[in-house]
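K.L.:
Sending over a structure as structure tokens; questions will come in a sec.
Residue numbers (my numbering), protein chains in the order written: chain A, 1173 to 1249; chain B, 3 to 351.
See the structure below:
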């Protein structure tokens, strides 16, 4: 299990989801990914994407203008 | 997960109702369906809501993700911004009433879906097209053009109007039952709304005027202006984004102004400060303004007067406007705001 980060600050919907999707393809099940965003839309889009694609949304925290979302990569068939 | 011998289809999911219904009709025929959604840069979805502060109060969702979640299918969102340029710049079938290359666009997207289906061993493609729904891309005579030019041929199924079209490969092979396809046609939305009610779908998106900025006259006029000013038909994603935001004025052929209309837009434009000369008012609140082009000192003065006009100090004798270069060096101009009638209507884009 490894931990990774992804910086999508300044990008607007749906680019944060697309970049997350592309990054997750490189990872293994159980890895965690911390996504740094600024578009508030990511708050709903990334958890929705996780539910659809079988990944686990862990939590969201805010740090200044940044929204930081953590997801755990699920089993991908 | 695909069950043994189960056939599979990739559905173009826009986030609207028709593609949702089309995908559901195939799922009801025991087809394994996954969605695909293309980001061209011109999608109405999301951006303006993300930028404008007043819209941030609204609960926001990405409709394509919502559709996928409601249907219980996977959704693959594909960035096609670079490849899509050729569709916008050189559409083989021309434009619609604005800069919308709808027929080329549909052919491109079905072609990309066909490519994805081949790479991922899916059997066919689903769209939510309805004969007669759109004047350019959804006509009985253009539907075979899309099937042919995309390379999908008889692997392209339109479940909402399939009864009016020749049988596709999945019908011929018995993967799906033609009798369960619909025979919708025309611009009325009533059959789709009735089917949505029958399927239990509520709260679906009902975009007015489509989901693409290229169908919008103001947006299209701004794109044409951009190409004329640069003397070349090309664009980057940043250009496409900026055309969606703020007031655009071209006071002189050699420069354009992008004027933030509210706090959310000003914050968004702030992100472009290092790419443009920009202006802001100092002794009263006002917009952030980006200046695009090569400006003479008198152009800068004029731009400052226009900036002052859109500030809270528009009725003052003088407003202090800071002009900041791309490398962050600022200087202050004391200008008299232009009055409303000193800004000709044809400056607005």
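The beta carbon of each residue, even a glycine, is placed where N, CA and C say it ideally should be. All of these numbers come straight from a predicted model, not from anything done at the bench.
Determine the burial state of residue 204 of chain B: buried for a count of at least 16 other Cβ atoms within 10 Å of its Cβ, exposed for fewer.
P.N.:
exposed
K.L.:
Where DSSP assigns a beta bridge to residue 214 of chain B, which residues make up the other side?
P.N.:
B/45
K.L.:
Where do the ends of the alpha helix (DSSP H) carrying residue 258 of chain B lie?
P.N.:
Where residue 258 of chain B is concerned, there is no enclosing alpha helix (DSSP H), although the beta strand (DSSP E) it sits in stretches over 257-261.
K.L.:
Have a look at residue 108 of chain B and residue 148 of chain B and give me their C-alpha separation to the nearest angstrom.
P.N.:
7 Å
K.L.:
Output, in sequence order along the chain, the residues in the stretch 60-71 of chain B whose CB is closer than 9 Å to any CB in chain A.
P.N.:
Of all residues in the stretch 60-71 of chain B, the ones placed with a Cβ closer than 9 Å to any Cβ belonging to chain A are 61, 62, 63, 64, 66, 67, 68, 70 and 71, in chain order.
K.L.:
Would you mind listing the beta strand (DSSP E) stretches within the stretch 121-159 of chain B that are 3+ residues and don't spill past its ends, in chain order?
P.N.:
126-128
K.L.:
The alpha helix (DSSP H) spanning residue 226 of chain B covers which residue range?
P.N.:
219-232
K.L.:
Name, going along the chain, the residues of the stretch 71-87 of chain B whose beta-carbon falls closer than 8 Å to a beta-carbon of chain A.
P.N.:
The stretch 71-87 of chain B vs chain A, Cβ under 8 Å: 71, 75, 76, 77, 78, 79, 80 and 81.
K.L.:
Rounded to the nearest angstrom, what separates residue 1262 of chain A and residue 127 of chain B at their Cα positions?
P.N.:
The structure shown has nothing for residue 1262 of chain A, since chain A only spans 1173 to 1249.
K.L.:
Given that a residue counts as buried once 16 or more other Cβ atoms are within 10 Å of its Cβ, and exposed if not, what is residue 339 of chain B?
P.N.:
buried
K.L.:
What number of angstroms, rounded off, separates the C-alpha of residue 291 of chain B from the C-alpha of residue 87 of chain B?
P.N.:
27 Å
K.L.:
In its own chain, which residues sit with a C-beta less than 6 Å from the C-beta of residue 142 of chain B, not counting the 5 before and 5 after it?
P.N.:
133
K.L.:
Residue range of the alpha helix (DSSP H) that residue 1228 of chain A falls in?
P.N.:
First-last for residue 1228 of chain A: 1228-1235, but that is the beta strand (DSSP E), not the alpha helix (DSSP H).
K.L.:
On the premise that residue 221 of chain B lies in contact with residue 215 of chain B, defined as a C-beta separation below 8 Å, what is that separation, rounded to the nearest angstrom?
P.N.:
Confirmed, about 4 Å.
K.L.:
Using C-beta distances below 8 Å, list every residue in its chain close to residue 1178 of chain A, excluding the 5 sequence neighbours before and after it, in chain order.
P.N.:
1191, 1192, 1195, 1205, 1206, 1207 and 1208
K.L.:
Determine the closest residue to residue 7 of chain B out of B/135, B/43 and B/34, with distance taken between C-alpha atoms.
P.N.:
Of the listed residues, the one whose Cα sits closest to residue 7 of chain B is B/34.
K.L.:
Please tell me whether residue 107 of chain B has its Cβ less than 9 Å away from any Cβ of chain A.
P.N.:
no
K.L.:
Between the beta-carbon of residue 113 of chain B and the beta-carbon of residue 243 of chain B, is there less than 9 Å?
P.N.:
no
K.L.:
So for residue 350 of chain B, helix, strand or coil by DSSP?
P.N.:
strand
K.L.:
Please say whether residue 110 of chain B and residue 71 of chain B have beta carbons closer to each other than 9 Å?
P.N.:
Using a Cβ distance threshold of 9 Å, residue 71 of chain B and residue 110 of chain B do not count as a contacting pair.
K.L.:
Mind reading off the beta-carbon distance from residue 140 of chain B to residue 23 of chain B? Whole number of angstroms is fine, and I expect it under 8 Å.
P.N.:
Not really, about 15 Å apart at Cβ, beyond 8 Å.
K.L.:
What in chain A is Cβ-close to residue 41 of chain B, meaning under 8 Å?
P.N.:
1186, 1187 and 1190
K.L.:
Rank B/346, B/77 and B/105 by C-alpha distance to the C-alpha of residue 254 of chain B and give the top, closest one.
P.N.:
B/346
K.L.:
Kindly give me the distance between the Cβ atoms of residue 278 of chain B and residue 294 of chain B, rounded to whole angstroms, as I take these residues to be in contact under 8 Å.
P.N.:
6 Å
K.L.:
Could you tell me the distance, in whole angstroms, from the CA atom of residue 1238 of chain A to the CA atom of residue 261 of chain B?
P.N.:
25 Å
K.L.:
How about residue 1235 of chain A: is its C-beta nearer than 9 Å to some C-beta of chain B?
P.N.:
no
K.L.:
Residue 82 of chain B and residue 40 of chain B: beta carbons closer than 9 Å?
P.N.:
yes
K.L.:
Of the residues that make up the stretch 1192-1205 of chain A, which ones have a beta carbon closer than 9 Å to any beta carbon in chain B?
P.N.:
For the stretch 1192-1205 of chain A, which is checked against every Cβ of chain B, the residues closer than 9 Å are 1193 and 1194.
K.L.:
Using Cβ-Cβ distances below 7 Å, what residues of the stretch 265-281 of chain B are close to chain A?
P.N.:
273
K.L.:
Do the CB positions of residue 296 of chain B and residue 257 of chain B come within less than 9 Å of each other?
P.N.:
Yes; because the gap between Cβ atoms is below 9 Å, this pair is in contact.
K.L.:
Report the rounded CA-to-CA distance for residue 180 of chain B versus residue 159 of chain B, giving the unit in angstroms.
P.N.:
10 Å
K.L.:
With DSSP collapsed to three states, give me the class of residue 39 of chain B.
P.N.:
strand
K.L.:
With a threshold of 8 Å on Cβ separation, who are the neighbours of residue 1203 of chain A within its own chain once the five nearest residues in sequence on each side are excluded?
P.N.:
1173, 1174, 1175, 1176, 1244 and 1245
K.L.:
For residue 171 of chain B, which residues in the same chain have their Cβ closer than 6 Å to its Cβ, ignoring the five residues on either side in sequence?
P.N.:
156 and 157
K.L.:
So which residues on chain B does residue 1223 of chain A lean against when the C-beta distance must stay under 7 Å?
P.N.:
Contact of residue 1223 of chain A with chain B by beta-carbon distance below 7 Å involves 71.
K.L.:
Does any C-beta atom of chain A lie closer than 9 Å to the C-beta of residue 145 of chain B?
P.N.:
So, not an interface residue.
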